[in-house]
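One line per chain: the protein sequences are A and B, in this order. So for the first sequence, my numbering puts the first residue at 14; every next one is plus one. So for the second sequence, my numbering puts the first residue at 190; every next one is plus one. For glycine and all other residues, C-beta sits at the position ideal for the given N, C-alpha and C. Structure, as structure tokens:
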Amino acid sequence: METQDLSQYIEPALYDVAYAWHTADIPFWITRAQQAAGPVLEAGCGTGRVLVPTLQAGVDAEGLDLHPGMLEMLKKKAAAVGLAPRVHLADMRDFTVPRRFALITVPFRGFMHLLTTEDQLRALRCMREHLEPGGSLVLNLFYPTLERMVEPGEVERVEHEFDHPETGLPVALVTVRRESDRVRQVLHAEMELRESDARGYAGAVHRHRFSLRWTYRFEMELLLKAAGFPRCEVRGGFDGRPLERDTDEMVWTAWKD
Amino acid sequence: MRPEASTTAAPSPYEAPELYDQLFESLDFDRHFWLEVGRGCNGPVLDLGCGTGRVLIPLLEAGVDADGVDLSPAMLDRLRAKAAKQDFHPRLLAADMRDFTLPRLYARVLCAFNAFAHCETLEDQLATLRCCREHLAPGGALVLHISYPGTALWLGAGGEPVLEHETTRPASGHRLQIYDRRFLDRVNQSQRSEIEVREMDSRGGIVTSHRFETRQRWVYRYELELLLRLAGFARWEIQGDFDGAPLERDDQQMIAWGWREPA
């Protein structure tokens, strides 16, 4: 198996706040979880951006993540709202948990951390084994836009600015490098979390890099087929519209027989 | 980027084999590669989508025991006539690449010059690959060439006529020009081309205009590997261009090798 670069998740408290603005997909995941006819597992649950509100909605859900710091953060957040979620420190390519689930989800492009076909198939097969008969797997991936394919590698783009959760001082999430390996289908990115001091001067910089493997539409269909899912469907967004443009988000559902 | 609805039902270029030959017969960018593949395998070879024999006739000339399959009887008629002039009488079958049956097994099945892009759905692709695999002797290989659908392809999606190829008709001395209007759908990996072949006299006046339409479905590298896996090939390898180098850039040609399990 490929080793994972987890530097993206090195500062769970900052990660949590840096992506807290991203809420548009949460109602979709809660609705899917509520519609499931049994327990739900979220693979790549991180600090609980989706899992905590899902539990608050009364769903019987568990989480799985590779990163201990992220899970600690999740437990802290859950405890603050009176919840004690069952979470598993495990790799989505190779895990064993006791229950079988009606629904397994991989939100927020977590599947794109798997960089090779073999890793993708391992994860899909492992998740399939943890589904009840008739259960479903739901995951989302970005479609690789033509614009992204041809963009220059060096960029300096402030993605988001927010206040540090402990000090209240400003922090910026900045993309500094982004490069697409077109035939290997991997996006290599480097980002920085830049802290400031009380007078507005530059403070600590947390640099992290990550790689995301993109997958084309029919390739994903073949992966699901090869992993033993006989039936699948793709949508072009969380609103359920058809996949038509390369700027659409791919939202996949695959069913176990 | 969705293709416009087809307004005219233009024929396939394979319904005009003589014109097709005059346009493409001289293309030899891949001939050396296919000759190497055919000569190096110590067994019979099947050329799938052989057309008028641009690759198959040179294989026969090189002493390779080669048969051909093509969907178009008109293309095969022309191939047969050309081969007969050199006293070659290859076994030729007019059949669909998704479902053909020949009485023997081959050391190599060749699928040249984007013929595989005629498979427009995942089911078509898998049926074709399975059929190829069934016609391979144990340890034999399918060798397939398809252009990588790189950014240059998708950026050229304007639907403007582009001069793609130009040649001279020997008998009349007329110029032949192929103009291609491409309609591309990136998400569905499909291309529809409206092709116009203009035949022009020495003063540049248009003598005739032939219109055709083609459809293609493009595949990416890992997608092609998964197709070979699901079609039951024992192992596979993707190369870039015709010199056996790894595929590293999206402007390279994709050569896929898929091996059947040895005996």
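- In this structure, B:L260 sits away from B:W223, with a CB-CB distance that is not shorter than 8 Å.
- Residue ranges of uninterrupted alpha helix (DSSP H) with 4 or more members, entirely inside the segment 65-139 of chain A and ordered along the chain, are 81-93.
- Exposure of A:M14 is indicated by the presence of fewer than 16 other C-beta atoms within 10 angstroms of its C-beta.
- With contacts defined by Cβ atoms closer than 8 Å, B:L281 and B:L325 do not form a contacting pair.
- Counting along the chain, A:F223 sits inside no alpha helix (DSSP H); it lies in the beta strand (DSSP E) bounded by residues 215-226.
- Membership of B:H354 in any alpha helix (DSSP H) is not indicated; the residue belongs instead to the beta strand (DSSP E) covering 351-357.
- Residue state for A:I39 is assigned as helix, using DSSP reduced to three classes.
- For the pair A:P120 and A:L102, the CB atoms are not nearer than the 8 Å cut-off.
- B:G348 and B:D374 have their C-alpha atoms roughly 12 Å apart.
- Of the candidates B:D369, B:L216, B:L419, B:L216 places its Cα closest to the Cα of B:V244.
- Residue nearest to A:T60 within the set A:K269, A:R113, A:L77, A:A50 is A:L77 (criterion: CA-CA distance).
- Residues of the segment 223-245 of chain A that bring their beta carbon within less than 8 Å of a beta carbon in chain B comprise T228, Y229, R230, F231, E232, E234, L235, L236, K238, A239, in sequence order.
- Under the Cβ distance rule, B:W343 counts among the residues neighbouring chain A, one pair being separated by less than 8 Å.
- Within chain B, R375, V376 have C-beta atoms less than 7 Å from the C-beta of A:D259, given in sequence order.
- For A:S20, the secondary structure class from DSSP, reduced to helix, strand or coil, is helix.
- If you compare the alpha carbons of A:E145, A:H173, A:A217 with that of A:W34, the shortest gap goes to A:H173.
- Within 7 Å of the CB of A:Q48, no CB atom of chain B is found; the nearest one sits about 27 Å away.
- The DSSP-derived three-state label of B:V396 is strand.
- Here the C-alpha atom of B:Q211 lies approximately 16 Å from the C-alpha atom of B:R269.
- Comparing alpha carbon positions, the residue from A:V196, A:T260, A:G216, A:R45 closest to A:D73 is A:R45.
- At a Cβ-Cβ threshold of 8 Å, B:Q442 and B:H334 count as neighbours.
- Close CB contacts of A:L225 within its chain, under the 6 Å cut and outside five residues either way in sequence, are with M125, L200 (chain order).
- Under the DSSP definition of a beta bridge, B:N231 lacks any partner.
- Neighbourhood of B:T340 in chain A, by CB distance below 9 Å: L159, M162, V163, R195, in chain order.
- The residues R190, R191, E192, in chain order, have a CB closer than 7 Å to that of A:G166 in the same chain once the five nearest residues on each side in sequence are set aside.
- Under the 8 Å Cβ criterion, the segment 220-235 of chain B counts as touching the segment 291-309 of chain B, having at least three qualifying pairs.
- Residue-level contact check: A:T266 does not touch chain B, since none of the beta carbons of chain B fall below 8 Å from its beta carbon.
- A straight line joining the alpha-carbon of A:R220 with that of A:Y22 spans about 11 Å.
- Each residue's CA atom was taken as its position, placing B:M389 and B:Y209 some 16 Å apart.
- For B:D254, the closest Cβ of chain A is not nearer than 8 Å.
- B:D217 carries a coil assignment under DSSP once its states are collapsed to helix, strand and coil.
- The DSSP-derived three-state label of B:Y368 is strand.
- Within 10 angstroms of the beta-carbon of A:D176 lie fewer than 16 other beta-carbons, which makes it exposed.
- B:E388 has a beta carbon lying at 8 Å or more from every beta carbon in chain A.
- A straight line joining the alpha-carbon of B:P451 with that of B:L331 spans about 13 Å.
- Any Cβ of chain A closer than 8 Å to the Cβ of B:L417 would place that residue at the interface, and such an atom is absent.
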